[in-house]
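Chains as they are written, first to last, in the working numbering: chain A, 1 to 578; chain B, 579 to 772.
Before any comments, here is the structure.
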Amino acid sequence: MNESSNNPDERLDKHLDDHLDDHLDEMTLMLYVEGQLDRQRAQQVSAHAQDCSSCRILLRALERESRLLTRSMLEEDEPLPSRLAAFQQTARKSMQWIWGAVVGLAATGAYALYTGYVEPMQQRFEQAGFGGSSVLNLMIFQGAFWKGWQSMVTLLEVLALLTIAGSAVVFLRRRLRGRGSVFAMMVAGIAVAASIPSPAMATEFRNQGDTIEVGKDEIIKGDLFAHGHHVKIEGTVDGDVYVFCQGADIEGHVTGDVIAFAQMLRVNGKVDGNIRSFTNTTWVSGNVAKNLLTFAETVNIDPTGKIGGSVTTFLNTLTIDGIVGRDILAFGNETTIAGNIGGSIRAQGNTLKFNSGAQVNGPVKFKGEHAPEVSSGAKLAVPVVFTQEEHHSRYRDSGFYVWKVFWIAALILFGLVLFVLLPSFARATVDSAERYGASFGLGVLVLFGVPVAALIACITVVGLLIGISTFVLWIAAMWFAQIVVGAVVGQWLMGHTRETWQLIGRMAVGVLLVRVVETLPYLGGWVKFAVLLWGMGAISLAIYRHFSPGRTATIPVSPVMPPSSLPPNTTIGSPQPA
Amino acid sequence: MSSPGIAEPTEAIARAKAGDALAWGQLYHDYAPAIYRFCRRALPTREDAEDATMEVFMKLKGKINQYDSSRPFSGWLYKVAANHCWDTLRRRKIRQDKETEDSDELPLEHPDPSQLDRLIEQRSSAEVRKALACLSKRARMALVMRYYSDMSYDEIADELGVRRAFVGVVLLRARHELRNALEGNAALAAGGNA
């Protein structure tokens with residue numbers, strides 16, 4: 001009788017049927033107090049309690065305990081926190097007019113975007129025979145209008161603009177103090193950017209069947225977009241040339257840049273600007289005044305070919321028989337030099353050969369598997385600095401560990417700053433990371449989807465700002481992901497906490513452990529991949545929750561009354577049976 | 579489980595379902611204090627309770643269409659809150675819970691009636707609230723669901739994921755944990771005063 005089993009029904013039957021003359025157990029009495037017994041059983045318990053003083057005292061104690069519990073729970077011992085009371089007021093102050101402005105600006109921006117870009121573009125496409133072009137085509141050709149691809153100065157201007165915009169957002173955020181204000185301002189900013197009218201340009205589109213030709217005597221003022229099986233430019237283009245084709249021959253004169261997506265690009269003529277090519281083979285036998293940047297299988301600069309600036313290549317085979325005015329940076333399998341190089345050479349790959357007739361005026365650095373071959377007829381200003389590609393284990397290198405420690409310390413410092421500056425968001429992210437399935441699922445999406453989306457955004461006019469910002473944030477998130485996972489692992493080891501500094505301590509321990517595991521051979525790479533997936537998913541989940549429409553939509557708008565004047569609507573418990 | 583002193587907010591709920599922000603404001607105004615106190619009793623810290631209160635109202639947006647208006651709104655709201663708090667607690671695996679699970683198998687000692695009566699008489703509401711922090715998460719959650727929001731045994735069983743017949747055991751064990759905590763706190767206080 002003095003011990004309770006885990007099956008109250010069986011125990012109750014036993015006691016009520018056989019031992020009513022004995023003391024009732026505590027479970028039976030509690031169920032009686034709770035009103036959980038049927039009428040017959042309740043009557044039996046009541047009758048027993050009248051005769052048994054010990055059970056009567058226990059029954060009374062349990063009743064008082066129930067009342068004490070209910071009273072303790074329902075007492076309004078503390079006011080509604082100001083954060084909850086201010087929840088709606090903040091939203092009302094900041095969000096209403098901001099979102100109104102956003103909608104207005106977005107509408108204006110969309111109209112400006114359509115009239116300034118989309119409509120004229122459609123007309124030009126139709127004139128050029130690009131009727132029914134795909135969205136991707138549209139985006140690519142829109143992107144071509146933006147000259148930032150060609151000028152680092154413009155990129156710096158964009159970065160400066162971003163900095164100013166960021167400062168403005170921080171300044172305004174302090175004043176607005178709204179959760180969605182920053183996001184709203186960003187949307188408004190984008191809408192304003194979209195409403196800025198585009199500069200007038202003369203542009204020629206050609207898509208006239210298999211072969212597109214610019215005749216010898218023809219002069220095109222402005223940029224040329226050419227799309228076809230074969231593109232041949234024998235005349236003059238006073239602007240940039242964009243070619244999308246299988247084979248392209250530039251035999252005339254281009255005063256701007258040549259940007260080519262082609263299987264074969266031959267430059268026999270004169271290009272006053274740069275060449276940027278994404279090709280299988282690029283063949284230069286003409287004169288390029290500025291630089292050559294190419295991603296290709298093979299690049300040949302003929303003896304008659306001349307590049308006034310530098311050459312940067314990512315390819316399999318590079319052969320230079322002509323002249324390069326400045327430096328060469330080559331990542332490739334085989335690099336062969338037989339021409340005249342005005343600057344330095346920095347190459348990395350399998351082989352580097354200097355044939356007879358080669359002349360290099362600057363230093364040469366080569367990192368590869370085989371020592372460079374220098375013909376006796378080659379003239380090098382200084383001997384080649386060769387670094388043998390080493391295949392020894394990095395784990396034997398002490399510098400490897402020094403750098404690891406340095407990076408762990410930097411990562412923990414980064415985490416500390418984030419946790420101190422954004423404690424609520426950091427906690428929310430760590431909590432999100434504990435939703436393992438959702439975090440990993442979202443992580444896959446974000447890790448692979450965001451860079452693709454950023455890339456697509458970059459090739460649009462307005463999207464470049466968003467694309468670059470997104471890409472930078474994506475890289476920052478990869479760091480933050482390790483911190484988040486570190487914090488979760490730290491909590492696994494040292495227990496859960498809600499205190500910011502305790503969480504930072506756990507984060508430091510966790511990050512250390514995660515980074516150590518990540519350095520393990522074979523396993524480390526997979527662990528790092530999993531950590532990125534998990535952490536980035538958690539960050540995305542936390543951001544989603546922070547900015548989800550549900551949050552703003554559910555924000556109430558009626559004023560909160562002071563706690564003392566709250567209606568008596570919180571007395572929930574019902575009276576306990578006597 | 580309905581809230582005495584307040585009529586069912588039928589109209590506000592209907593408008594909230596239609597997306598009326600003012601109606602959401604009314605519901606928040608009427609029920610946020612009660613939900614905050616529920617969360618404050620169930621969760622370890624004030625910050626947790628604040629977060630949970632806001633998150634419960636966030637969830638309401640998505641769940642409001644599931645609400646059956648023939649049943650009390652406050653009861654349904656407490657179920658949402660209980661579900662959220664229990665989810666939050668479950669995600670935090672702490673060592674104490676393992677010990678609690680192990681102790682489920684141990685039999686409970688029958689209390690001395692007079693001693694229990696004295697203990698209950700001497701303890702205040704504030705002491706009980708303080709002692710709640712020492713309880714295992716399941717015990718704490720069960721007591722809050724039963725004595726704050728007056729949830730039925732069926733509803734508690736549903737939330738905690740236990741058999742209905744086991745709810746009495748959970749509640750009785752929770753009371754024992756609470757008594758131990760009350761005695762422990764009193765001993766500590768006595769030691770501190772000595």
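Cβ coordinates follow ideal geometry from the N, Cα and C atoms, glycine included.
Small disclaimer: the values here were computed from a predicted structure and weren't measured.
*Does DSSP put T631 (chain B) in a helix, in a strand, or in coil?*
Helix at T631 (chain B).
*Based on Cα-Cα distance, which residue from A:Q246, A:H253, A:V452 lies nearest to L224 (chain A)?*
Among A:Q246, A:H253, A:V452, the Cα nearest to that of L224 (chain A) is on A:H253.
*When DSSP labels each residue in this structure, what does A226 (chain A) get in the three-state scheme?*
A226 (chain A): strand per DSSP, three-state reduction.
*Look at the Cβ atom of M773 (chain B), then the Cβ atom of E705 (chain B), and state whether they are nearer than 8 Å.*
Within the shown structure, residues of chain B are numbered from 579 to 772, placing residue 773 (chain B) beyond reach of any answer.
*Start-to-end residues for the alpha helix (DSSP H) that takes in R716 (chain B)*: That run of the alpha helix (DSSP H) goes 715-725.
_By alpha-carbon positions, which one of B:R670, B:R716, B:R742 ends up nearest to V488 (chain A)?_
The residue with the shortest Cα to Cα distance from V488 (chain A) is B:R670.
*Residue span of the beta strand (DSSP E) that contains I57 (chain A), given as start and end*: Careful: I57 (chain A) lies outside any beta strand (DSSP E), inside the alpha helix (DSSP H) at 53-74.
_Where the beta strand (DSSP E) through L621 (chain B) begins and ends_ = Looking at the DSSP string, L621 (chain B) is not in any beta strand (DSSP E), and its letter there is neither H nor E.
_Let me confirm a value: P383 (chain A) is counted as buried when at least 16 other C-beta atoms fall within 10 Å, else exposed. Which label applies?_
By the neighbour-count criterion, in which 16 or more other beta carbons inside 10 Å mark a residue as buried, P383 (chain A) falls on the exposed side.
_For E761 (chain B) and A61 (chain A), what's the separation of their Cα atoms in angstroms?_
Their Cα atoms are separated by approximately 16 Å.
*Which bits of chain B does L24 (chain A) rub up against, with CB to CB less than 9 Å?*
None at all; the shortest Cβ gap to chain B is about 10 Å.
*Under 6 Å Cβ to Cβ from P81 (chain A), same chain only, skipping five residues before and after it: list those, please.*
For P81 (chain A), where only same-chain residues beyond five positions count, there are no Cβ hits under 6 Å.
*Within 10 angstroms of its Cβ, does S54 (chain A) collect 16 or more other Cβ (buried), or is it exposed?*
With a 10 Å radius around the Cβ and a threshold of 16 neighbouring Cβ atoms, S54 (chain A) comes out exposed.
*So, is A752 (chain B) buried or exposed, given that buried needs 16 or more other C-beta atoms within 10 angstroms?*
Flag for A752 (chain B) reads buried.
_Given this structure, state the Cα-to-Cα distance separating A627 (chain B) from Y436 (chain A), to the nearest angstrom._
If I take the Cα positions, the gap works out to 23 Å.
*How big is the Cα-Cα spacing for V214 (chain A) and T319 (chain A)?*
Rounded to the nearest whole angstrom, the CA to CA distance from V214 (chain A) to T319 (chain A) is 29 Å.
*Residue closest to L293 (chain A), alpha-carbon to alpha-carbon, out of A:D302, A:G269, A:D257*: The shortest C-alpha separation from L293 (chain A) is found at A:D257.
*Quick check: the segment 324-344 of chain A against the segment 357-367 of chain A, are there 3 or more CB pairs under 8 Å?*
The segment 324-344 of chain A, when compared against the segment 357-367 of chain A, does touch it at the 8 Å Cβ threshold.
*How long is the line joining the alpha carbons of S469 (chain A) and I250 (chain A), rounded to whole angstroms?*
S469 (chain A) and I250 (chain A): Cα-Cα distance of roughly 36 Å.
_Residues that DSSP places opposite E373 (chain A) in a beta bridge_ = E373 (chain A) is bridged by DSSP to A:K353.
*Go through the segment 409-461 of chain A residue by residue and report every complete run of the beta strand (DSSP E) that reaches 3 residues or more, in order.*
The segment 409-461 of chain A contains no whole beta strand (DSSP E) run of 3 or more residues.
*At 8 Å on the CB atoms, spell out the chain B contacts of L465 (chain A), in chain order.*
By Cβ distance, chain B contributes nothing, its closest Cβ being about 31 Å from L465 (chain A), past 8 Å.
*Check V299 (chain A) in the structure and name its three-state DSSP category.*
Correct three-state label for V299 (chain A): strand.
*Looking at the unbroken beta strand (DSSP E) that takes in Y242 (chain A), where does it start and where does it end?*
In the DSSP assignment, Y242 (chain A) falls within the unbroken beta strand (DSSP E) covering 241-250.
*asked:* Using DSSP's beta-bridge definition, name the partner residues of N268 (chain A).
replied: Under DSSP, no beta-bridge partner is assigned to N268 (chain A).
*Sorted by chain position, which residues of the same chain lie with C-beta nearer than 8 Å to I642 (chain B)'s C-beta, five sequence neighbours on each side aside?*
Closer than 8 Å at the Cβ level, and outside the excluded window around I642 (chain B), lie I591, A594, K595.
*Tell me which same chain residues have a C-beta within less than 6 Å of the C-beta of I631 (chain A), skipping the five on either side of it?*
Lying outside 1 to 578, the shown extent of chain A, residue 631 (chain A) is not represented and no answer is given.
_Contact set for K657 (chain B): own chain, Cβ-Cβ below 6 Å, skip 5 residues either direction_ = Excluding sequence neighbours, K657 (chain B) sits near nothing in its chain.
*Inter-residue Cα distance where the pair is L512 (chain A) and G449 (chain A)*: Straight-line Cα distance between these residues: approximately 29 Å.
*asked:* Does chain B have any CB closer than 8 Å to the CB of R41 (chain A)?
replied: No, R41 (chain A) does not count as interfacial toward chain B.
*asked:* Tell me the rounded alpha-carbon separation between G386 (chain A) and K353 (chain A).
replied: The sequence as given places Phe at residue 386 (chain A); Gly does not occur at that position. About 12 Å.
*Return yes when the Cβ of N355 (chain A) is within less than 8 Å of the Cβ of G332 (chain A), no when it is not.*
Remark: C-beta atoms of G332 (chain A) and N355 (chain A) do not approach each other more closely than 8 Å.
*Mind checking if S439 (chain A) is an interface residue toward chain B, Cβ cutoff 8 Å exclusive?*
Closer than 8 Å: no.
_Stretch pair the segment 410-427 of chain A + the segment 520-535 of chain A: three plus CB contacts closer than 8 Å_ = Contact fails: fewer than three Cβ-Cβ distances are below 8 Å.
*Assigned secondary structure, R346 (chain A) (DSSP; H/G/I helix, E/B strand, else coil)*: R346 (chain A) falls in the strand class under three-state DSSP.
*For D257 (chain A), three-class secondary structure by DSSP*: The answer is coil: DSSP assigns D257 (chain A) none of H, G, I, E or B.
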